[in-house]
């Protein structure tokens, strides 16, 4: 079975600064996908970024980028130029590269951006 | 293009009653996933359905819980004889399912409170 671990229950950052959220996972499979989802106070789940394990290049989406270390089974999220609207719970998630994508989530990290 | 719709957004039930949660996937999506989020925890996979078929229900409690996705109409998650431990947020997600683990788009969730 796959597991996802987020070791930082809470993080905080000043507006406009950079913050990195950690995620590690465990799997014996070689074909899989990794995701970061954001859950703001509204509790809507919003996809932030997605990484295919077979791709060497780290995914980026505007101010969001990942550091994917496949050998170390690490998948951290970097948020640059943090904004107040980034305040949310962030979940790391894993999906096998099978015909459908059942997600396994980590415990989440609460990120607070301070003005 | 409307997103994933869930209703009701909030549901209060007394112990022993039935809860019915509805999910309408995004237009063009024929794959539906249900997840449960207990307080202060990450989301846990419950069941994966395609139209008229349950594909994977490995995360569904064996008793009292059932799910369906009929040919016409929304997907339904049904909880019979609810207990206080069923209080949680229930999220539905949908995907096209055309190839590989397509990105899942989440609905706003249904918050179930069992008194």
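Protein chains in written order, with my numbering: chain A, 26 to 140; chain B, 25 to 139.
Even glycine gets a Cβ: it sits at the ideal position worked out from N, Cα and C.
Contacting residues, own chain, Cβ-Cβ under 6 Å from residue i (five flanking each side not counted)
i, result
"residue 41 of chain A", "106"
"residue 34 of chain B", "135"
"residue 92 of chain B", "100"
Beta strand (DSSP E) segment containing residue i, residue limits
i, result
"residue 77 of chain A", "71-77"
"residue 82 of chain B", "From DSSP, residue 82 of chain B is part of no beta strand (DSSP E); its letter is neither H nor E."
"residue 28 of chain B", "Careful: residue 28 of chain B lies outside any beta strand (DSSP E) and carries neither H nor E."
"residue 50 of chain B", "No beta strand (DSSP E) holds residue 50 of chain B; DSSP gives it neither H nor E."
"residue 92 of chain B", "89-92"
"residue 46 of chain A", "44-46"
"residue 99 of chain B", "99-103"
"residue 106 of chain B", "No beta strand (DSSP E) holds residue 106 of chain B; DSSP gives it neither H nor E."
Own chain, CB closer than 7 Å to residue i, minus 5 neighbours either side, in chain order
i, result
"residue 88 of chain B", "103, 104 and 105"
"residue 52 of chain B", "120"
Residue(s) in a DSSP beta bridge with residue i
i, result
"residue 119 of chain A", "A/59 and A/129"
"residue 138 of chain A", "A/38"
"residue 95 of chain A", "In the DSSP output, where bridge partners are listed per residue, residue 95 of chain A has none listed."
"residue 119 of chain B", "B/55"
Cut-off 8 Å between Cβ atoms - residues of its own chain near residue i, not counting five sequence neighbours on either side
i, result
"residue 67 of chain B", "59, 60, 61 and 115"
Requested in this report: Output, in sequence order along the chain, the residues in the stretch 78-109 of chain B whose CB is closer than 9 Å to any CB in chain A.
Outcome: Against chain A - using a Cβ distance shorter than 9 Å - the residues of the stretch 78-109 of chain B are 79, 80, 82 and 83.
Query - chain A contacts from the stretch 52-82 of chain B (Cβ-Cβ distance under 9 Å) - result: 55, 57, 59, 61, 64, 65, 66, 67, 68, 69, 72, 74, 79, 80 and 82
Query raised in the report: When you check each C-beta in the stretch 68-90 of chain A against every C-beta of chain B, which residues fall closer than 7 Å?
Result: 68, 69, 70, 72 and 75
Query - Interfacial residues, the stretch 111-136 of chain B to chain A, with Cβ spacing under 9 Å - result: 113, 115, 117, 119, 121, 123, 124, 125, 126, 127, 128, 129, 130, 131, 132, 133 and 135
Requested in this report: Residues of the stretch 125-139 of chain A with a CB closer than 8 Å to any CB of chain B: list them in chain order, please.
Outcome: 125, 126, 127, 128, 129, 130, 131, 132 and 133
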